[in-house]
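Reading through the structure tokens given below for one structure.
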Amino acid sequence: MGKEKTHVNVVVIGHVDSGKSTTTGHLIYKCGGIDKRTIEKFEKEAAELGKGSFKYAWVLDKLKAERERGITIDIALWKFETPKFMVTVIDAPGHRDFIKNMITGTSQADCAILIIAAGTGEFEAGISKDGQTREHALLAFTLGVRQLIVAVNKMDTTKWSEDRFNEIVKETSTFIKKVGYNPKGVAFVPISGWHGDNMLEESSNMTWYKGWTKETKAGVVKGKTLLEAIDAIEPPARPSDKPLRLPLQDVYKIGGIGTVPVARISVSAVTVPPIGTASARITTKEAASFNAQVIILNHPGQIGAGYAPVLDCHTAHIACKFAELLEKIDRRTGKSLEQNPKFVKSGDACIAKLVPSKPMCVESYNEYPPLGRFAVRDMRQTVAVGIIKSVDKTDKSAGKVTKSAEKAAKKK
1 MGKEKTHVNV
11 VVIGHVDSGK
21 STTTGHLIYK
31 CGGIDKRTIE
41 KFEKEAAELG
51 KGSFKYAWVL
61 DKLKAERERG
71 ITIDIALWKF
81 ETPKFMVTVI
91 DAPGHRDFIK
101 NMITGTSQAD
111 CAILIIAAGT
121 GEFEAGISKD
131 GQTREHALLA
141 FTLGVRQLIV
151 AVNKMDTTKW
161 SEDRFNEIVK
171 ETSTFIKKVG
181 YNPKGVAFVP
191 ISGWHGDNML
201 EESSNMTWYK
211 GWTKETKAGV
221 VKGKTLLEAI
231 DAIEPPARPS
241 DKPLRLPLQD
251 VYKIGGIGTV
261 PVARISVSAV
271 TVPPIGTASA
281 RITTKEAASF
291 NAQVIILNHP
301 GQIGAGYAPV
311 LDCHTAHIAC
321 KFAELLEKID
331 RRTGKSLEQN
341 PKFVKSGDAC
351 IAKLVPSKPM
361 CVESYNEYPP
371 LGRFAVRDMR
381 QTVAVGIIKS
391 VDKTDKSAGK
401 VTKSAEKAAK
411 KK
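Residue numbers for the sequence shown follow the UniProt record's numbering, beginning at 1 and rising by one.
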């Protein structure tokens with residue numbers, strides 16, 4: 001048997017209708033992640049509903065409600081293999097209403113693929129103040145996704161225009177630099193998610209395209225296709241020496257089996273200790289409060305002590321109160337600007353003490369990045385994002401013992 005490939009998680013982000021699901025579905029189909037018979041079935045279903053152009057997106061939009069509405073709601077996880085990696089693709093919703101789901105997906109990702117529609121007016125709508133292209137890129141960066149690939153989609157609608165591609169690369173480079181990404185470390189690939197151009201193989205429609213170049217820790221990497229750009233991802237270092245953490249994503253009740261929790265492991269490997277041994281380090285505790293570095297993105301007024309929006313952290317969505325604003329800081333350097341400010345507003349960054357309204361388990365970002373980054377939701381939009389600096393934990397909440405566990409204990 002050959003050596004198992006390294007696993008990487010990729011989140012696909014971008015403005016609504018930029019072609020995220022179509023591009024992702026086509027990529028998975030081309031990489032053998034789904035068989036041709038299933039694609040033919042999806043094509044038939046899509047055509048019957050008058051949505052023929054959605055056929056590749058159908059790979060991901062498997063819920064009936066999603067199909068009927070024509071939008072991606074839940075995060076669909078699909079796997080495929082590249083020459084180098086085993087890739088899990090997280091197809092994140094583009095609609096603003098579903099940004100909470102996108103945050104859950106982004107917090108699991110090692111790299112983001114930003115899909116940008118090249119069509120006249122489409123690109124401009126995505127990067128406008130109200131568009132999701134900027135917001136998604138900023139969320140990805142703030143939530144710790146440090147690697148980015150930009151796929152300029154729907155190049156067929158521009159008649160494969162080199163000028164349009166160069167214009168989009170120039171403007172996109174400017175705004176991702178403001179977000180925090182270094183454009184020199186980003187691969188820009190012109191594609192057609194529908195026709196498959198530059199997905200796995202070099203396109204004959206864009207002979208002017210000489211390929212992408214990006215700087216990495218190992219040196220300069222070059223390529224032509226989106227698949228090669230995915231293969232150029234630098235695999236993350238996953239901690240193997242830390243206690244196991246499993247954020248619950250869903251709980252299913254299955255007849256005859258019982259309750260089945262679905263979770264994501266936040267360390268690289270699980271080691272089972274000898275029977276009869278235990279470690280105090282293993283258990284997690286409820287957070288009484290935590291200090292966090294928060295960047296206010298989009299709030300119409302001022303945020304002060306007592307503000308209690310919903311926090312989306314790992315798979316939890318819980319109201320947390322801003323108990324105290326400790327200091328206002330420079331959002332780029334982290335340098336302190338003001339101690340104990342009375343309020344903060346859009347564009348400001350601060351260190352705040354937050355208190356959850358319900359039992360909540362979080363960790364510091366430095367210890368467990370996926371469990372220490374969050375988004376603040378209010379008025380159906382993301383008003384702030386942040387990372388947890390330290391956690392004040394409490395022992396007051398013992399875990400609930402299930403009936404099946406009680407029965408098992410009695411039998412012993």
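Backbone N, C-alpha and C fix where the C-beta goes; we use that ideal spot for every residue, glycine too.
Measure the beta-carbon distance from residue 384 to residue 325 and round it to whole angstroms, keeping in mind my assumption that it falls under 8 Å.
About 12 Å separates the beta carbon of residue 384 from that of residue 325, a gap too long to meet the 8 Å contact definition.
Taking only runs of the beta strand (DSSP E) that begin and end inside the region 100-170, which ones reach a length of at least 3 residues, in chain order?
111-117, 147-153
Using only alpha-carbon positions, find the residue among 357, 386, 169 that is nearest to residue 374.
Proximity to residue 374 across 357, 386, 169 peaks at 386, based on C-alpha coordinates.
For residue 26, the first and last residue of its enclosing beta strand (DSSP E):
Looking at the DSSP string, residue 26 is not in any beta strand (DSSP E); the run it does join, the alpha helix (DSSP H), is 20-30.
Which stretch, first to last residue, makes up the alpha helix (DSSP H) that contains residue 228?
226-231
Could you tell me if residue 153 is buried or exposed, where buried requires 16 or more neighbouring beta carbons within 10 angstroms of its beta carbon?
With 16 or more neighbouring CB atoms inside 10 Å of its own CB, residue 153 falls in the buried class.
Report the residue from 232, 315, 151, 322 whose alpha carbon sits nearest the alpha carbon of residue 6.
Distances from the alpha-carbon of residue 6 to those of 232, 315, 151, 322 put 232 closest.
Is the region 172-185 touching the region 205-225, taking contact as three or more C-beta pairs under 8 Å?
yes
Give every residue of the same chain whose Cβ lies closer than 8 Å to the Cβ of residue 156, excluding the five residues on either side of it in the sequence, and list them in chain order.
Within the same chain, Cβ atoms closer than 8 Å to the Cβ of residue 156 are found at 192, 194, 195, 197, 205, the five residues on either side in sequence being excluded.
For residue 8, I'd like the list of residues in its chain whose CB is within less than 7 Å of its CB, leaving aside the five on either flank, ordered along the chain.
85, 87, 110, 111, 233, 235
Decide if residue 20 is buried, meaning its Cβ has at least 16 other Cβ atoms within 10 Å, or exposed.
buried
Thinking residue 391 and residue 290 are a contact (beta carbons under 8 Å), I'd like their distance in whole angstroms, please.
4 Å
At the level of alpha carbons, what is the spacing between residue 308 and residue 4?
46 Å
Taking the alpha-carbon of residue 210 as reference, which of 323, 175, 367, 223 has the nearest alpha-carbon?
Distance from the Cα of residue 210 is smallest, within the candidate group 323, 175, 367, 223, for 223.
Nearest neighbour of residue 351, chosen from 327, 37, 367 [CA to CA]
327
Given this structure, state the Cα-to-Cα distance separating residue 321 from residue 286, to the nearest angstrom.
16 Å
Whose CA, out of 132, 293, 175, lies closest to the CA of residue 336?
293
Simplified DSSP assignment, three categories, for residue 296
Look at residue 296 here: in three-state DSSP terms it is strand.
Bridge partners of residue 334, per DSSP?
For residue 334, which the question treats as bridged, DSSP gives no partner whatsoever.
Cα-Cα separation, residue 348 to residue 331
Rounded to whole angstroms, residue 348 to residue 331 spans 7 Å at the Cα level.
Where residue 173 falls: helix, strand or coil (DSSP)
In the displayed model, residue 173 falls within a helix according to three-state DSSP.
If I measure Cβ to Cβ from residue 342 and keep anything under 7 Å in the same chain, skipping five residues before and after, which residues do I get?
304
Are the CB atoms of residue 114 and residue 180 within a distance shorter than 7 Å?
no
DSSP three-state assignment for residue 43, whether helix, strand or coil:
helix
Under 7 Å between the Cβ atoms of residue 229 and residue 394?
In this structure, residue 394 does not lie closer than 7 Å to residue 229 by Cβ.
For residue 384, the residue or residues it bridges with in DSSP:
Under DSSP, residue 384 takes part in a beta bridge, and its partners are 296, 376.
Please tell me whether residue 323 and residue 355 are closer than 7 Å, where the distance is taken between their beta carbons.
yes
Selected residue, minimal CA-CA separation from residue 221, among 149, 203, 382
149
Start-to-end residues for the beta strand (DSSP E) that takes in residue 220
219-223
Have a look at residue 22 and residue 226 and give me their C-alpha separation to the nearest angstrom.
The straight-line gap from Cα to Cα measures roughly 14 Å.
Tell me the DSSP secondary structure of residue 363 in three-state form.
In the structure shown, residue 363 sits in coil (DSSP, three-state: anything other than H, G, I, E or B).
When you compare the CB positions of residue 125 and residue 119, do they come within less than 7 Å of one another, or not?
no
Would you call residue 208 buried or exposed, if buried means 16 or more other Cβ atoms sit within 10 Å of its Cβ?
exposed
As a quick exercise: from 295, 379, 317, 358, pick the residue whose alpha carbon is nearest that of residue 334.
If we check each option's Cα against that of residue 334, 295 comes out closest.
Check the C-beta distance from residue 11 over to residue 140 and give it rounded, since I have them as a contact under 8 Å.
About 7 Å separates the two Cβ atoms, so the contact holds.
Can you tell me which of the three DSSP states residue 83 falls into?
Here residue 83 sits in coil by DSSP.
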